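Chemist:
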């Protein structure tokens, strides 16, 4: 399975999915002019990754950890993030454990609350981390 790497901009987050390293991260700001156009390849990649996992049975004890490190995302991005997390939850239900690590800048209570809201929507483990983001 090939990696998905998209360089972030002032309007779009960095996407760094490295399946061979079991390293998956979305970070930065998410307020693209066309949110659907930005996130559709991400969601398609996750769908393909699920198919890859189905064809190549995961090892016993293996788990996926997805890291979200947002400085900001708009409400339209939030809808697509919900879809991304729902796809990860389907992987969790069908194939192997998935955990979400939600990082937020320590003074940013809104971003912390967003992580808490996402965690209430899905049954998979969410861990929230207060850090210093750039």
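Numbering (the numbering used here), first residue to last: 134 to 267. The beta carbon of each residue, even a glycine, is placed where N, CA and C say it ideally should be. Remember, it's a predicted structure, so these values are computed and weren't measured experimentally.
(1) From which residue to which residue does the alpha helix (DSSP H) around residue 227 run?
(2) Measure the Cβ-Cβ separation of residue 224 and residue 231 and say whether it is below 8 Å.
(3) From the DSSP output, in three-state form, read off residue 161 for me.
(4) How long is the line joining the alpha carbons of residue 149 and residue 139, rounded to whole angstroms?
(5) Using three-state DSSP, classify residue 143 as helix, strand or coil.
(6) Which residues in the same chain as residue 185 place their Cβ atom closer than 6 Å to its Cβ, once the five residues preceding and following it in sequence are excluded?
(7) Between which residues of its own chain and residue 258 is the CB-CB distance below 6 Å, once the five residues before and five after are set aside?
(8) If I measure Cβ to Cβ from residue 165 and keep anything under 7 Å in the same chain, skipping five residues before and after, which residues do I get?
(9) Helix, strand or coil: which one does DSSP assign to residue 149?
(10) From what residue to what residue does the beta strand (DSSP E) around residue 252 run?
Modeler: Reading it off the structure:
(1) For this step, residue 227 is matched to residue 94 along the chain shown. Residues 208–227.
(2) Here the question's residue 224 lines up with position 91 in the chain shown. Here the question's residue 231 lines up with position 98 in the chain shown. Yes, the Cβ-Cβ distance between residue 224 and residue 231 is below 8 Å.
(3) Within the chain shown, residue 161 is the residue found at index 28, counting from 1. Three-state result, residue 161: strand.
(4) Position 16 of the chain shown, counted from the first residue, corresponds to residue 149. Position 6 of the chain shown, counted from the first residue, corresponds to residue 139. If you take the alpha carbons of residue 149 and residue 139, they lie about 7 Å apart.
(5) Along the chain shown, one-based indexing puts residue 143 at 10. Of the three classes helix, strand and coil, the one that applies to residue 143 here is coil, per DSSP.
(6) For this step, residue 185 is matched to residue 52 along the chain shown. 134, listed in sequence order.
(7) Indexing the chain shown from 1 puts residue 258 at position 125. In its chain, beyond the 5 residues on either side, 232 have a beta carbon closer than 6 Å to the beta carbon of residue 258.
(8) Looking up residue 165 in the chain shown gives position 32. Scanning its chain for C-beta atoms nearer than 7 Å, with the 5 sequence neighbours on each side dropped, one finds around residue 165 the residues 144, 145 and 171, in chain order.
(9) Walking along the chain shown from the start, residue 149 turns up at place 16. DSSP places residue 149 within a strand segment (E or B) once states are collapsed to three.
(10) As a first step, residue 252 must be located in the chain shown, where it is residue number 119. Counting along the chain, residue 252 falls outside any beta strand (DSSP E), though it belongs to the alpha helix (DSSP H) covering 242–254.
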